[in-house]
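**Student:** Below: one structure in structure tokens.
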Amino acid sequence: MTHPTPLAAPVASTRDRLLDAAAKLFQEQGVHIGVDALCKAAGVSKRSMYQLFNSKDELVAASLERIAPDYQAALLPAEGVGSPRERILHVFERLEYLEPVQDFRGCPYVAAAVQLKSPEHPASLVARRQKDGLTSFFQHEAERGGAPDPGLLARQLTLVFDGASARSVVQAHDLDGLAVATATTLLDVAGVDNSLPDNGIGQDTTVADTPAR
Numbered sequence: 012m013t014h015p016t017p018l019a020a021p022v023a024s025t026r027d028r029l030l031d032a033a034a035k036l037f038q039e040q041g042v043h044i045g046v047d048a049l050c051k052a053a054g055v056s057k058r059s060m061y062q063l064f065n066s067k068d069e070l071v072a073a074s075l076e077r078i079a080p081d082y083q084a085a086l087l088p089a090e091g092v093g094s095p096r097e098r099i100l101h102v103f104e105r106l107e108y109l110e111p112v113q114d115f116r117g118c119p120y121v122a123a124a125v126q127l128k129s130p131e132h133p134a135s136l137v138a139r140r141q142k143d144g145l146t147s148f149f150q151h152e153a154e155r156g157g158a159p160d161p162g163l164l165a166r167q168l169t170l171v172f173d174g175a176s177a178r179s180v181v182q183a184h185d186l187d188g189l190a191v192a193t194a195t196t197l198l199d200v201a202g203v204d205n206s207l208p209d210n211g212i213g214q215d216t217t218v219a220d221t222p223a224r
């Protein structure tokens, strides 16, 4: 009796290896890590890197784009699940869970923008778009939850999110429910309770779909 030959695992492309290595090293060591170390970790030559990316700046931006879907999936609630209040608080619950799991490295988009210090750097533009997307998610849910000023509430929630993330990095310590408690207070003041909207459907918004207002 013959047995079928098992299929070999697909080999990652040079581009994929570079982006995977970049995402890991930038998060662990910062975006200023040298090209030589980056190429060594990816197992590719510098020539190959520059054939794929015009500059290291372009690679940094592409690596941030690459991690966006996984980052969003780790934070956002599943489509159609929960009231607007529950969906917003889910993000802060996930933040509190993920910070210690990720060794208190914080939000990769805030980290990159702070290190680069240039608002027009390609990676800073990616970071800004992702953070605006998170604000848009909060605003969408705040509107559905009946907040009197959903735009203001969304910006406040984003401020709490980024501030809590930064605090966990500086202190290298669990947030101990502080992020959830602070977001809860903002929702209480805005009158966003656990009621579902009239249609009763927890509609979803992808983080980077629309810019914040």
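Quick note, the working numbering runs 11 ahead of the 1-based positions in the sequence shown. Ideal Cβ positions, reconstructed from N, Cα and C, are used throughout, including at glycine.
Between L30, Y120, S129 and D114, which lies nearest to G54 when the distance is taken from Cα to Cα?
**Tutor:** Of the listed residues, the one whose Cα sits closest to G54 is L30.
**Student:** Is it the case that the Cβ atoms of F103 and A190 are separated by a distance below 7 Å?
**Tutor:** Against a cut-off of 7 Å, the Cβ pair of A190 and F103 comes out as a contact.
**Student:** According to DSSP, is L168 helix, strand or coil?
**Tutor:** The answer is helix: DSSP assigns L168 an H, G or I state.
**Student:** State the DSSP-derived secondary structure class of E131, mapped to helix, strand or coil.
**Tutor:** The answer is coil: DSSP assigns E131 none of H, G, I, E or B.
**Student:** Between which two residues does the alpha helix (DSSP H) carrying A158 extend?
**Tutor:** No alpha helix (DSSP H) contains A158, which DSSP labels as neither H nor E.
**Student:** Please give me, in chain order, every unbroken run of the beta strand (DSSP E) with length at least 3 that falls completely inside the segment 57–127.
**Tutor:** If we require 3 residues or more, the segment 57–127 turns out to have no beta strand (DSSP E) run fully inside it.
**Student:** Using only the alpha-carbon positions, how far apart do E90 and A175 sit?
**Tutor:** Looking at the two C-alpha atoms, the distance is approximately 25 Å.
**Student:** Under three-state DSSP, which class holds A177?
**Tutor:** Helix, per DSSP.
**Student:** Whose C-beta lies closer than 6 Å to the C-beta of H101 among residues of the same chain, with five residues either side of it excluded?
**Tutor:** P88, listed in sequence order.
**Student:** Along the alpha helix (DSSP H) that carries D47, what are the first and last residues, could you check?
**Tutor:** Its alpha helix (DSSP H) spans residues V46 to A53.
**Student:** Look at the alpha carbon of S206 and the alpha carbon of S94, and state the distance between them as a whole number of angstroms.
**Tutor:** Rounded to whole angstroms, S206 to S94 spans 6 Å at the Cα level.
**Student:** Is A201 near A158, with beta carbons less than 7 Å apart?
**Tutor:** Going by C-beta atoms, A201 is nearer than 7 Å to A158.
**Student:** Please report the straight-line C-alpha distance between A123 and T25, rounded to a whole angstrom.
**Tutor:** Rounded to the nearest angstrom, the two C-alpha atoms are 23 Å apart.
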